[in-house]
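Residue numbers (the working numbering): 1025 to 1545. The beta carbon of each residue, even a glycine, is placed where N, CA and C say it ideally should be. Computed from a prediction, not measured in an experiment: that's the story for all the values here. One structure is given below, encoded as structure tokens.
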């Protein structure tokens, strides 16, 4: 599906799952839609599944926005408590559109909790309390992870909220990031599950002996231990005094350990002037967020707190912050630390969503589906890729996701065919109805068309015309004879493309009709 078609669908207020390969323009399209919403005075909440991902879209985590925090389940008491939080109630009731980015890392249980909170606070029994929900991501990226002792995490598309919300699948097929054909071929091979010899040849051509061969490139590792080792090495090479900051804690041991495991800052943080760091908490008042990269430029003379300079040139002092577990309004356990960590090297997990000019990566200890795919797709070109090594696991993706991906591509094809078949005037009316529903403003532009003047054809109409030229019978009703011919071709093991070409119909329409006839799932 093209970006123009997906944007047109979004503007109608339909719930959408926006997906596509890395570099297909998902973030760009989301930013376009956000500008459109704000231009029409429609209130939008921009969130993501993780703190680092939230920084890439200048948003907050869905956990923070919804008020669920670190909860793994919601009791009636929890819901009652959330509905009494004035700030939270105002925030959710004043929202018209909810965007959740990097949906691959959000587990089904969390999505269901967010949906329940929205319904309860908005006092509306429709899914998500009547909000338009836009989920963004690629399930070939990193999956949701459950910590030791927790129930197994499941993909968001298995959630009750997903099925009830009737998400329209918009699968973007254009490529905007990788301009390198060889790198694109590697990523496509991994995605399809076809690990070819040519792919290994390409990867071998990018091997390096040590991570120091490319000193300024970001270092990506699958394990925290490797990240810590590289960061310690780089810190030791800096001249100057070490400034150490110890974590303080309060509360029962088990809860304190839970907080410590979930905290991205170490229990003992050691820094020097010149250290590359990453912020580990959101602090809008001070101007940094979870994932902000910076360099330590000095330390305060009075308290000794670090002063950092971000990549955007902003300078600020970073003071200790608190992580807490609350029961209603009571804090049952807490820890306090400077919200920073060393960041010459980071894990593949924390790199998701980034676009890098160059990266040195070690995938020889990859242990999860998608790790290698995520790491390799961070760089824009093959010239920016430096590999220390990789194992077979690094080149594998989850078979469940491959099957789900085929289904979603088919659903997207059908959606594109259906939406493009709609009358342009009817589409515009639906979009305006959504603006009115949200209490937004419709901008009526005065006509500047001169009689006889040739007017540009809208992208929507252009795409519709392209499909009609390629598939002349794409939007004509099915007859009994045509259905019989379809079944006959299908039984001859013809591919969808071959059937579409012979019957002059869009592949999405072929898939939909086969499903309706009970020939496919």
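For residue 1253 and residue 1161, I'd like the C-alpha separation in whole angstroms. Sequence index remark: in the chain shown, residue 1253 carries index 229 (1-based). Sequence index remark: in the chain shown, residue 1161 carries index 137 (1-based). Distance between the alpha carbons of residue 1253 and residue 1161: 31 Å.
Checking 9 Å against the spacing of the C-beta atoms, do residue 1298 and residue 1434 come in under that value? The residue you call residue 1298 lines up with position 274 of the chain shown. The residue you call residue 1434 lines up with position 410 of the chain shown. Against a cut-off of 9 Å, the Cβ pair of residue 1434 and residue 1298 comes out as no contact.
Within the same chain, show all residues whose beta-carbon is closer than 7 Å to that of residue 1526, passing over the 5 residues directly before and after it, in chain order. Within the chain shown, numbered from 1, the residue matching residue 1526 stands at position 502. Excluding sequence neighbours, residue 1526 sits near 1513.
Taking the beta carbon of residue 971 as the centre, do at least 16 other beta carbons fall within 10 Å, making it buried, or is it exposed? Nothing can be reported for residue 971: it is not among the residues displayed for the chain, which extend from 1025 to 1545.
Is residue 1393 near residue 1372, with beta carbons less than 9 Å apart? Counting from 1 along the chain shown, the entry for residue 1393 is found at position 369. Counting from 1 along the chain shown, the entry for residue 1372 is found at position 348. No.
Could you say which of 1231, 1176, 1144, 1125 lies nearest to residue 1159 if we only look at CA atoms? Counted from its first residue, the chain shown places residue 1159 at position 135. For the residues 1231, 1176, 1144, 1125, the minimum Cα distance to residue 1159 belongs to 1125.
DSSP state of residue 1052 mapped onto helix, strand, coil: Here residue 1052 refers to the residue found at position 28 of the chain shown. Of the three classes helix, strand and coil, the one that applies to residue 1052 here is helix, per DSSP.
Rounded to the nearest angstrom, what separates residue 1339 and residue 1325 at their Cα positions? In the chain shown, counting from the first residue as 1, residue 1339 sits at position 315. In the chain shown, counting from the first residue as 1, residue 1325 sits at position 301. So the alpha carbons of these two residues sit roughly 16 Å apart.
Taking the DSSP output, what are the residues bridged to residue 1384? Taking the first residue of the chain shown as 1, we reach residue 1384 at position 360. Answer is 1243, 1410, bridged to residue 1384.
By Cβ distance below 7 Å, which residues in the same chain neighbour residue 1231 in space, the five residues on each side in sequence not counted? One-based indexing of the chain shown puts residue 1231 at position 207. 1411.
Who are the Cβ neighbours of residue 1466 in its own chain at under 8 Å, not counting the five residues just before and after it? Within the chain shown, residue 1466 is the residue found at index 442, counting from 1. Once the five neighbours on either side are set aside, the close Cβ partners of residue 1466 are 1064, 1456, 1459, 1460.
Can you give the beta carbon distance from residue 1267 to residue 1330, rounded, assuming they're within the 8 Å contact cut? In the chain shown, residue 1267 corresponds to position 243, counting from 1. In the chain shown, residue 1330 corresponds to position 306, counting from 1. Their Cβ separation, rounded to whole angstroms, is 7 Å, which keeps residue 1267 and residue 1330 in contact under 8 Å.
Which stretch, first to last residue, makes up the beta strand (DSSP E) that contains residue 1270? Residue 1270 sits at position 246 when you count from the first residue of the chain shown. 1267-1270 is the span of the beta strand (DSSP E), which, as asked, contains residue 1270.
Strand pairing of residue 1307, partner residues [DSSP]: The residue you call residue 1307 lines up with position 283 of the chain shown. In the DSSP output, where bridge partners are listed per residue, residue 1307 has 1312.
Just verifying my parser: in three-state terms, what is the DSSP assignment at residue 1397? By one-based count along the chain shown, residue 1397 stands at place 373. In this structure, residue 1397 counts as helix in the three-state DSSP scheme.
Which residues does DSSP pair with residue 1341 in a beta bridge? Counted from its first residue, the chain shown places residue 1341 at position 317. DSSP, once it has assigned bridges, lists 1331 as partnering residue 1341.
Looking only at its own chain, which residues have a Cβ that is under 8 Å from the Cβ of residue 1535, when we skip the five neighbours before and after it? Here residue 1535 refers to the residue found at position 511 of the chain shown. Hits under 8 Å: 1434, 1437, 1438, 1520, 1544.
Pick from 1418, 1088, 1249 that is closest to residue 1369, judged by C-alpha positions: As a working note, residue 1369 is residue 345 in the chain shown. Nearest C-alpha to residue 1369: 1249.
Beta-bridge pairing of residue 1317 - partner residues as DSSP gives them: For the purposes of this step, residue 1317 is taken as the residue at position 293 of the chain shown. Partner(s): 1302.
Minimum C-alpha distance to residue 1542 - residue among 1524, 1174, 1515: As a position in the chain shown, residue 1542 is number 518, starting the count at 1. For the residues 1524, 1174, 1515, the minimum Cα distance to residue 1542 belongs to 1515.
Does any residue of chain B have a CB that is nearer than 9 Å to the CB of residue 1398? Protein chains in the displayed structure number just one, and chain B is not present.
Quick check: residue 1072 and residue 1090, are their CB atoms within less than 9 Å of each other? Counted from its first residue, the chain shown places residue 1072 at position 48. Counted from its first residue, the chain shown places residue 1090 at position 66. Cβ atoms of residue 1072 and residue 1090: not closer than 9 Å.
Could you check the C-alpha separation between residue 1243 and residue 1413 for me, to the nearest Å? Looking up residue 1243 in the chain shown gives position 219. Looking up residue 1413 in the chain shown gives position 389. Residue 1243 and residue 1413: Cα-Cα distance of roughly 13 Å.
Can you tell me whether DSSP reads residue 1177 as helix, strand or coil? Counting from 1 along the chain shown, the entry for residue 1177 is found at position 153. DSSP places residue 1177 in coil when its eight states are reduced to three.
Close-in-space but distant-in-sequence residues of the same chain around residue 1226 (CB under 6 Å, 5 per side omitted): In the chain shown, residue 1226 corresponds to position 202, counting from 1. For residue 1226, where only same-chain residues beyond five positions count, the Cβ hits under 6 Å are 1206, 1210.
So, do the stretch 1116-1124 and the stretch 1146-1158 have three or more beta carbon pairs nearer to each other than 8 Å? yes
What do you reckon, are the CB atoms on residue 1383 and residue 1367 nearer than 9 Å? By 1-based counting over the chain shown, the position of residue 1383 is 359. By 1-based counting over the chain shown, the position of residue 1367 is 343. Taking 9 Å as the Cβ cut-off, residue 1383 and residue 1367 do not qualify as a contacting pair.
When the distance is taken between beta carbons, is residue 1112 closer than 9 Å to residue 1103? For the purposes of this step, residue 1103 is taken as the residue at position 79 of the chain shown. For the purposes of this step, residue 1112 is taken as the residue at position 88 of the chain shown. Not closer than 9 Å, so no.
Buried or exposed for residue 1039, going by 16 or more other Cβ atoms inside 10 Å? Walking along the chain shown from the start, residue 1039 turns up at place 15. Per the 10 Å Cβ criterion, buried.
Option in 1127, 1198, 1359, 1540 with minimal Cα separation from residue 1276: Start at 1 with the first residue of the chain shown, and residue 1276 comes out as number 252. If we check each option's Cα against that of residue 1276, 1359 comes out closest.
Our contact map puts residue 1030 next to residue 1053 with C-beta atoms below 8 Å; I'd like the distance itself, whole angstroms only. In the chain shown, residue 1030 corresponds to position 6, counting from 1. In the chain shown, residue 1053 corresponds to position 29, counting from 1. Confirmed, Cβ separation roughly 6 Å.
Sort 1130, 1035, 1176 by Cα distance to residue 1192 and report the nearest one. Position 168 of the chain shown holds residue 1192. Residue 1035 is the option with its Cα nearest to residue 1192.
Name the residue from 1509, 1517, 1523, 1528 whose alpha carbon lies nearest to the alpha carbon of residue 1500. Within the chain shown, numbered from 1, the residue matching residue 1500 stands at position 476. Taking only the C-alpha atoms, the option nearest residue 1500 is 1528.
Would residue 1175 pass as a contact of residue 1279 if the rule is Cβ separation under 9 Å? The residue labelled residue 1175 in the question sits at position 151 within the chain shown. The residue labelled residue 1279 in the question sits at position 255 within the chain shown. Cβ distance not < 9 Å, so residue 1175 and residue 1279 don't count as in contact.
Compare the Cα-Cα distances from residue 1389 to each of 1163, 1247, 1195 and report the closest residue. Here residue 1389 refers to the residue found at position 365 of the chain shown. Closest option to residue 1389, Cα to Cα, is 1247.
Nonlocal neighbours in the same chain, by C-beta distance under 6 Å from residue 1087, ignoring five residues either side: Along the chain shown, one-based indexing puts residue 1087 at 63. Cβ within range, chain order: 1093.
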